[in-house]
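S.K.: Protein sequence lines, in the order shown, are assigned to chains A and B.
Residue numbering for the first sequence follows the working numbering, beginning at 1 and increasing consecutively.
Residue numbering for the second sequence follows the working numbering, beginning at 1001 and increasing consecutively.
Here a beta-carbon is modelled for each residue, glycine too, at the ideal position from N, C-alpha and C.
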Amino acid sequence: MPSIDQIPISIVSPDEMLTGQADAVLTEIAGMLKRLLDDGIEGSIDLRGLALSGADRVWLEKQLGRGEVEIMLEAGGWSVLTETAYPGVWKVMHRDDRDRVVAELIEVAFVPAIIRPDNGDVKKGHESLLLNLKAKTAGV
Amino acid sequence: MERSDTLQEKMEQNGMSRRTFIKYCASLASLMALPPSAAYAMAEALGKAKRPSVIWLPFQECTGCTESITRSHSPSIEGMIFDMISLDYQETLMAAAGHQAEEALHAAMKENYGKYVLIIDGSVATGLDGAYSCIAGRSNLESLKEAAKGAAAIIALGSCASFGGIPKANPNPTGAVAVSDIIKDKPIVNIPGCPPIPVVITGVLAQFLTFGTLPELDKLGRPKAVYGETIHDRCYRRPFYDQGKFAKTFDDEGARQGWCLFELGCKGPVTYNACATTKWNDSTSFPIESGHGCIGCSEPDFWDAGGFYKALSMPADPLKMAATAAVAGAAVGVAISFANRAKKGAAKSAHETTKLEDLEK
Ligand code: SF4
């Protein structure tokens, strides 16, 4: 009997066709950028909610290119936020604590909102820093 | 230990950061087809949400739905949401038993009258006045009517609660029906699947907690965001279908090349669910990826739809379709699914038993 790796099964990825959806995504991004510039309104597109083929994704990736910034965020798993060649347009990939992709977005913003700490977090950070300083002064 | 009142407090107790929570909400928003910006609103509102009472009654079921939910991934946050809701009655999970359990159920119903979410898994036996399925000496039928009275909303979890499922399969000896066949005056969300995709229930609960609303439903009462498209619409083998490349047996060259499983009985074209995108077993794969066609388990009467290995109907002219598929892929799927619904209806009235030959055709 052949061992399992001798059984000649090869699953071929069929994602070879461009569906035309990626063009529409690009046009939408251009509209969002204009809104960001004119009114400061941020926007995002859920890439997993679109029926993009593998080929569409490769095409879109190529069109968007890469910018100068890449942010790694570790919060319940790694996230990578990459600036595209168009400042203000970010590619965001969130992974969970088991490294599975849980969200894939295009964000149009000066800085993606998840990066900015909120007031409550800064306040708590400030309080704990003060406690730390106090402990140091007290020689603890 | 005292239980925290809001999810925010619970998160802080668990050392979970706001960003972790926003990420989780982003994945829920994506699943529920809410705009990605809703993730922030969701995170804020969910953080402040108080624990709602949830009563979960199991009827004619196999406990597969509970298994699916309790073994779902991301135990840290989904588990927390379950921890955060006040699961006042769930026979499989609760420590109490017998009279104690029944008392807990009635106390929760009284205390939260008009406000609790009622989850039902399993179909409702109506034969012999419901005597085929009883808990604590009362029929499921009776318990359902009583519990539904005080519910703010009902979630029918799994194909049995949603549509009758396997207990309702021909010849339906217990007179099994769906929850919606009995209860007519409460909002009901059907989450079919055998079992259903675990994250869908968290998504529905999260939306209810966040916005106080239920998701938009299709004509079968299913959240449109999850059940809005067929497996076929999102299937990675779809280009092969469009090119007319079909596996004819489970071990032929086509099967090895990963061709479309339509002729081997795949019910993907008539099955509305999100398995092809959310996948199963920690997002590892879904049945078609493992080489087996979809059996259509989230559709009404799937068990009587003519045999899992019988092709729905032959595609009209697959090669011709390929030329137009790139522009009209979805429309092709819709046309096929209409044709198949008619066929499915016919199969239902003349139920055929699946024989070994069907599997080997
Ligand atoms: S028929 Fe089944 S295997 Fe073929 S493309 Fe549709 S869902 Fe995928």
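Check the C-beta distance from A/Glu70 over to A/Ile45 and give it rounded, since I have them as a contact under 8 angstroms.
M.R.: Not quite, the Cβ-Cβ distance comes to about 19 angstroms (not below 8 angstroms), so this is no contact.
S.K.: Distance, Cα to Cα, B/Arg1104 vs B/Leu1057?
M.R.: It is Ala, not Arg, that sits at residue 1104 of chain B in the sequence shown. C-alpha separation (whole angstroms): 13 angstroms.
S.K.: Let me check understanding here. Comparing Cα to Cα, which of B/Gly1307, B/Asn1014, B/Ser1298, B/Ala1026 lies closest to B/Gly1164?
M.R.: The candidate whose alpha carbon is nearest that of B/Gly1164 is B/Ser1298.
S.K.: If you measure from the beta carbon of A/Val12 to each beta carbon in chain B, is any gap under 8 angstroms?
M.R.: At A/Val12 the pLDDT is 48, less than 50, meaning the model places this residue with poor confidence; the figure from the coordinates comes in the next sentence. So, interface residue.
S.K.: Mind checking if B/Ala1026 is an interface residue toward chain A, Cβ cutoff 8 angstroms exclusive?
M.R.: True, the Cβ-Cβ gap to chain A drops below 8 angstroms.
S.K.: CB B/Cys1134 to CB B/Gly1158, shorter than 8 angstroms?
M.R.: Not a contact, by the Cβ cut-off of 8 angstroms.
S.K.: In this structure, how does DSSP classify A/Gly43 when only helix, strand and coil are distinguished?
M.R.: Three-state result, A/Gly43: strand.
S.K.: From B/Arg1138 to B/Tyr1132, what does the alpha carbon distance come to, in whole angstroms?
M.R.: Each residue's Cα considered, the two are about 10 angstroms apart.
S.K.: By DSSP's criteria, B/Cys1260 is part of a beta bridge. Which residues make up the other side?
M.R.: Looking at the DSSP assignment, B/Cys1260 forms a beta bridge with B/Phe1246.
S.K.: Quick check: what's the CA-CA separation for A/Leu133 versus B/Cys1025?
M.R.: Between A/Leu133 and B/Cys1025, the C-alpha separation is close to 35 angstroms.
S.K.: I'd like the span of the beta strand (DSSP E) that includes A/Arg95, first residue to last.
M.R.: Looking at the DSSP string, the run of the beta strand (DSSP E) that includes A/Arg95 is 89–95.
S.K.: Could you work out which residue in A/Ala30, A/Asp118, A/Leu36 is closest to B/Tyr1040 when comparing CA atoms only?
M.R.: That would be A/Asp118, whose Cα lies nearest to the Cα of B/Tyr1040.
S.K.: When every heavy atom of the ligand SF4 is checked, does at least one fall within less than 7 angstroms of the C-beta of B/Cys1062?
M.R.: No, since every heavy atom of the ligand SF4 falls outside the 7 angstroms radius drawn around the Cβ of B/Cys1062.
S.K.: Among residues of its own chain, excluding the 5 on either side of B/Arg1237, which ones have a beta-carbon nearer than 8 angstroms to its beta-carbon?
M.R.: Gly1258, Trp1259, Cys1260, Leu1261, Ile1288, listed in sequence order.
S.K.: Who pairs with B/Asp1121 in a beta bridge, going by DSSP?
M.R.: In DSSP, B/Asp1121 forms a bridge with B/Pro1058, B/Leu1157.
S.K.: Go ahead and label B/His1232 buried or exposed: buried means 16 or more other beta carbons lie within 10 angstroms of its beta carbon, across all protein chains shown.
M.R.: Counting Cβ neighbours within 10 Å, B/His1232 comes out buried, since at least 16 surround it.
S.K.: Run through chain B and tell me which residues come within less than 7 angstroms of A/Leu73, C-beta to C-beta.
M.R.: What A/Leu73 touches in chain B: Arg1019.
S.K.: What's the C-alpha gap between B/Asp1301 and B/Ser1053?
M.R.: Approximately 32 angstroms, taken between the alpha carbons.
S.K.: Which bits of chain B does A/His94 rub up against, with CB to CB less than 8 angstroms?
M.R.: Per Cβ cutoff of 8 angstroms: Lys1023, Ala1026, Ser1027.
S.K.: Give a yes or no on whether the minimum CB-CB distance between B/Ser1068 and chain A is below 8 angstroms.
M.R.: B/Ser1068 does not count as touching chain A.
S.K.: Buried or exposed: which applies to B/Ile1336, given that a residue is buried once 16 or more other Cβ atoms fall within 10 Å of its Cβ?
M.R.: Model confidence at B/Ile1336 stands at a pLDDT of 29, short of 50, so the residue's coordinates are unreliable; what they give is reported in the following sentence. Flag for B/Ile1336 reads buried.
S.K.: Assign B/Pro1075 to one of two classes, buried (16 or more other C-beta atoms within 10 Å of its C-beta) or exposed (fewer than that).
M.R.: Low confidence applies here, because B/Pro1075 scores a pLDDT of 44, under 50, leaving its location unreliable; read the following figure in that light. Exposed: under 16 other Cβ atoms inside 10 Å.
S.K.: From B/Val1189 to B/Ala1156, what distance separates their C-alpha atoms?
M.R.: Taking the straight line joining both Cα atoms gives about 6 angstroms.
S.K.: Going by DSSP, what residue range makes up the alpha helix (DSSP H) through A/Trp59?
M.R.: Unbroken alpha helix (DSSP H) run through A/Trp59: 54–64.
S.K.: Just to confirm, are B/Ala1049 and B/Leu1209 a CB contact at a threshold of 8 angstroms?
M.R.: Yes, they are a contact pair.
S.K.: Could you give the residue range of the alpha helix (DSSP H) that holds B/Asn1140?
M.R.: Its alpha helix (DSSP H) spans residues 1140–1149.
S.K.: Is there contact here, the segment 1117–1131 of chain B with the segment 1166–1185 of chain B, by at least three beta-carbon pairs under 8 angstroms?
M.R.: As far as the Cβ criterion goes, the segment 1117–1131 of chain B touches the segment 1166–1185 of chain B, which means the pair count is three or higher.
S.K.: Closer than 7 angstroms, Cβ to Cβ, to anything on chain B: give me those residues from the segment 100–114 of chain A, in chain order.
M.R.: Going along the segment 100–114 of chain A in chain order, one finds Arg100, Val102, Ala103, Leu105, Ala113, Ile114 with a Cβ nearer than 7 angstroms to chain B.
S.K.: Please tell me whether B/Gly1296 and B/Thr1277 are closer than 8 angstroms, where the distance is taken between their beta carbons.
M.R.: The answer is no: Cβ separation not under 8 angstroms.
S.K.: Anyone know if the C-beta pair for B/Pro1215 and B/Gln1207 falls short of 8 angstroms?
M.R.: In contact: B/Pro1215 and B/Gln1207 (Cβ atoms closer than 8 angstroms).
S.K.: In the DSSP assignment, find the beta strand (DSSP E) that holds B/Val1199 and state where it starts and stops.
M.R.: Looking at the DSSP string, B/Val1199 is not in any beta strand (DSSP E); the run it does join, the alpha helix (DSSP H), is 1198–1211.
S.K.: Measuring alpha carbon to alpha carbon, tell me which of A/Arg66, A/Leu131, A/Gly31, A/Ala22 ends up nearest A/Lys91.
M.R.: Closest option to A/Lys91, Cα to Cα, is A/Arg66.
S.K.: Would you check if the distance between the CB atom of B/Gly1265 and the CB atom of B/Gly1293 is smaller than 8 angstroms?
M.R.: Against a cut-off of 8 angstroms, the Cβ pair of B/Gly1293 and B/Gly1265 comes out as a contact.
S.K.: Residues of chain B with a CB under 7 angstroms from the CB of A/Ser128: which are they?
M.R.: Correct list: empty, because the minimum Cβ distance to chain B is about 13 angstroms.
S.K.: Which residues, in chain order, does the segment 20–47 of chain A contribute to contact with chain B at a C-beta distance below 8 angstroms?
M.R.: Cβ contacts with chain B: Gly20, Glu42, Gly43, Ser44, Ile45, Asp46.
S.K.: Below 8 angstroms on C-beta distance, what does A/Asp118 contact in chain B?
M.R.: What A/Asp118 touches in chain B: Arg1018.
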